[in-house]
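Asks: Counting from 2, one number per residue, gives the positions in the sequence shown under the numbering used here.
Using N, Cα and C, we set each Cβ at its ideal position, and we do this for glycine too.
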Amino acid sequence: MTCDFPIEISEKYAVRMFLEEPEAHLLGAGAYGEVFLVRRVGRAEESTLALKRCFDCLVLDDPATLKRTYREIAVLRQARHTNIVALKDVVLPKTGCDLYLVFELASQDLERAIRYNLFDEISRRRVSYDVASGLNFLHLCGLMHRDVKPSNILLDDSGRAKLCDFGFVRYVSCASSAKAFTEYVGMRWYRAPELLLGSTSYNQNIDVWSFGCVVAEMALGRPLISGMDAEEQLGLIVGLCLGRRPTRSEADILCIQPDHALCFVRTSPLGPSLEKKLSSVASSQELELLRSCLKLSPAERSSAAEILQNPLYTDLQEAETAPAGEPVRLIIDEQDTPPELILKAIEDEVQLLNQGTGHCQALRHSDILLCFVVLPGKTCPAQERSGA
Numbered sequence: 002m003t004c005d006f007p008i009e010i011s012e013k014y015a016v017r018m019f020l021e022e023p024e025a026h027l028l029g030a031g032a033y034g035e036v037f038l039v040r041r042v043g044r045a046e047e048s049t050l051a052l053k054r055c056f057d058c059l060v061l062d063d064p065a066t067l068k069r070t071y072r073e074i075a076v077l078r079q080a081r082h083t084n085i086v087a088l089k090d091v092v093l094p095k096t097g098c099d100l101y102l103v104f105e106l107a108s109q110d111l112e113r114a115i116r117y118n119l120f121d122e123i124s125r126r127r128v129s130y131d132v133a134s135g136l137n138f139l140h141l142c143g144l145m146h147r148d149v150k151p152s153n154i155l156l157d158d159s160g161r162a163k164l165c166d167f168g169f170v171r172y173v174s175c176a177s178s179a180k181a182f183t184e185y186v187g188m189r190w191y192r193a194p195e196l197l198l199g200s201t202s203y204n205q206n207i208d209v210w211s212f213g214c215v216v217a218e219m220a221l222g223r224p225l226i227s228g229m230d231a232e233e234q235l236g237l238i239v240g241l242c243l244g245r246r247p248t249r250s251e252a253d254i255l256c257i258q259p260d261h262a263l264c265f266v267r268t269s270p271l272g273p274s275l276e277k278k279l280s281s282v283a284s285s286q287e288l289e290l291l292r293s294c295l296k297l298s299p300a301e302r303s304s305a306a307e308i309l310q311n312p313l314y315t316d317l318q319e320a321e322t323a324p325a326g327e328p329v330r331l332i333i334d335e336q337d338t339p340p341e342l343i344l345k346a347i348e349d350e351v352q353l354l355n356q357g358t359g360h361c362q363a364l365r366h367s368d369i370l371l372c373f374v375v376l377p378g379k380t381c382p383a384q385e386r387s388g389a
């Protein structure tokens, strides 16, 4: 296999081989993209980077993918933190509909690490503290990740954990808006019960639930709750949190719609309790942390800030003051935005990133409306960029 990159990429980045065998430059591949090991051309001394080619994410006929692409670039440009993966560069080729994102290099993701390694308690505490720190910063920025799972947590060579994949990130403040969130976010095994029950008005507490599932998975070496469908997942969750069926009043507190509440009460079969699943592999302090995260009621879960102050992390708590998260501007989020306008927002975010701009020059919706002209009849807009 050869790396068939457009000229804009090959002029800036050279693929690096880490093994003398075919495709040794390819770090990962999936239905939506590929990740390559690269270095900057002419900068041999610079550290190796990860180049992610995102397939067909600039197609105007797919506004959902355009929005996810915009969110990821906009958030990573503005939300800079030790425990959030650093976006170094974005390349928009003049031809084609693929997008290229350049990140700091991570040695592996947490899913792979769990699969091939047995985390001891010290390692689990270090990684989980990093994840909570990244989530706390993101929440202080007014955002929720909505897709926290092991494959979206990267580990660098020093073992530091970093959140990645911000395509589903949203404002928390939108929870009170007239337009509801989509309920189908995140992989089922890490999805909070309120999402499984159809809630479209939720907040950062869904990230805390997912965090608890990830921490437990590190201890178990396998997913904590792996239901085959939403109903089975609910039964496993009920058993995990209560060890019994909920009363109707408990179900009513959690559920938004009566029919969902009734389903919740009747859910079967119940899964084993948290203590039964983890008491042999987790310490009492870890179990206490997990109990505070894996609450059926979102309001009863610990916040990310509270997690960082948990006694489990006493020896890890940073001596210096944690960075304050500034509000992140997402000009295209809730509104029904024409795909051409989303593409323009992506292009402007890339320009700001390449200028090294952070919070001080967040885009305004009016800026894009004033400078954008719709070009009808185009499915993939790359040709227009070549003439810009």
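(1) What are the start and end residues of each continuous alpha helix (DSSP H) run of 4 or more residues lying completely inside the region 34-95, in chain order?
(2) Could you tell me which residues DSSP puts in a beta bridge with leucine 156?
(3) First and last residue of the beta strand (DSSP E) that includes alanine 15?
(4) Within the same chain, show all residues whose beta-carbon is closer than 6 angstroms to that of serine 227, passing over the 5 residues directly before and after it, in chain order.
(5) From lysine 13 to alanine 80, what does the alpha carbon distance come to, in whole angstroms?
(6) Along the chain, which unbroken stretches of the alpha helix (DSSP H) at least 4 residues long are found entirely within the region 272-307?
(7) Between which two residues does the alpha helix (DSSP H) carrying valine 209 extend?
(8) For arginine 54 and glutamate 35, which I take to be in contact (beta-carbon distance under 8 angstroms), what is that distance rounded to the nearest angstrom?
(9) Exposed or buried, what is tyrosine 130 when buried is set at 16 or more other beta-carbons lying within 10 Å of its beta-carbon?
(10) Taking the alpha-carbon positions, what's the glutamine 109 to methionine 219 distance?
(11) Go ahead and pull the three-state DSSP assignment for alanine 193.
(12) Shortest alpha-carbon distance to leucine 353 belongs to which of Val92, Leu52 and Lys68?
(13) Taking phenylalanine 167 as the reference, give the member of Arg126, Ala65, Thr70 and Pro7 with the closest Cα.
(14) Using the Cβ count rule (16 or more neighbours within 10 Å means buried), how would you classify lysine 296?
(15) Determine the DSSP secondary structure at tyrosine 203, reduced to helix, strand or coil.
(16) Where does arginine 116 sit, in a helix, a strand or coil, going by DSSP?
(17) Can you find at least 3 beta carbon pairs, one from the region 195-213 and one from the region 110-117, that sit closer than 8 angstroms?
(18) Would you kindly work out how many angstroms separate the C-alpha atoms of leucine 317 and cysteine 214, rounded to a whole number?
(19) Measure how close the beta-carbons of glutamate 350 and alanine 75 come, nearest whole angstrom, since I'm counting them as under 8 angstroms.
(20) In whole angstroms, what is the alpha-carbon distance linking alanine 107 and valine 209?
(21) Please state the DSSP three-state secondary structure of phenylalanine 167.
Replies: On the basis of the supplied data:
(1) 64-79
(2) For the purposes of this step, residue 156 is taken as the residue at position 155 of the sequence shown. According to DSSP, which records beta bridges pairwise, leucine 156 is partnered with Gln109 and Ala162.
(3) Translated into the one-based positions of the sequence shown, residue 15 becomes position 14. That run of the beta strand (DSSP E) goes 14-16.
(4) As a position in the sequence shown, residue 227 is number 226, starting the count at 1. The residues Trp190, in chain order, have a CB closer than 6 angstroms to that of serine 227 in the same chain once the five nearest residues on each side in sequence are set aside.
(5) For the purposes of this step, residue 13 is identified with residue 12 of the sequence shown, where counting begins at 1. For the purposes of this step, residue 80 is identified with residue 79 of the sequence shown, where counting begins at 1. So the two alpha carbons sit approximately 25 angstroms from each other.
(6) Listed in chain order, the complete alpha helix (DSSP H) runs (minimum 4 residues) inside the region 272-307 are 275-279 and 285-294.
(7) Here residue 209 refers to the residue found at position 208 when the sequence shown is read from its first residue. It spans 206-221 - the alpha helix (DSSP H) in which valine 209 sits, taken as one unbroken run.
(8) Reading the sequence shown from its first residue, position 53 is the one you call residue 54. Reading the sequence shown from its first residue, position 34 is the one you call residue 35. Sure, about 5 angstroms apart at Cβ, within 8 angstroms.
(9) As a position in the sequence shown, residue 130 is number 129, starting the count at 1. Flag for tyrosine 130 reads buried.
(10) The residue labelled residue 109 in the question sits at position 108 within the sequence shown. The residue labelled residue 219 in the question sits at position 218 within the sequence shown. Each residue's alpha carbon lies about 15 angstroms from the other.
(11) By 1-based counting over the sequence shown, the position of residue 193 is 192. In the three-state reduction of the DSSP assignment, alanine 193 falls in the coil class.
(12) Translated into positions along the sequence shown, residue 353 becomes position 352. Closest by alpha carbon: Val92.
(13) Locating residue 167 in the sequence shown gives position 166, where the first residue counts as 1. It is Thr70 whose Cα lies nearest to the Cα of phenylalanine 167.
(14) Working through the sequence shown from its first residue, we reach residue 296 at position 295. Buried, since its Cβ has 16 or more Cβ neighbours within 10 Å.
(15) Here residue 203 corresponds to residue number 202 of the sequence shown, with the count starting at 1. Three-state result, tyrosine 203: coil.
(16) Counting from 1 along the sequence shown, the entry for residue 116 is found at position 115. Collapsing the DSSP output to three states places arginine 116 in a helix.
(17) no
(18) Mapped onto the sequence shown, residue 317 falls at position 316. Mapped onto the sequence shown, residue 214 falls at position 213. Distance between the alpha carbons of leucine 317 and cysteine 214 is about 21 angstroms.
(19) The count along the sequence shown starts at 1 and reaches residue 350 at position 349. The count along the sequence shown starts at 1 and reaches residue 75 at position 74. About 5 angstroms; that satisfies the 8 angstroms criterion.
(20) Start at 1 with the first residue of the sequence shown, and residue 107 comes out as number 106. Start at 1 with the first residue of the sequence shown, and residue 209 comes out as number 208. C-alpha separation (whole angstroms): 24 angstroms.
(21) For the purposes of this step, residue 167 is taken as the residue at position 166 of the sequence shown. Reduced to three states, the DSSP call for phenylalanine 167 is coil.
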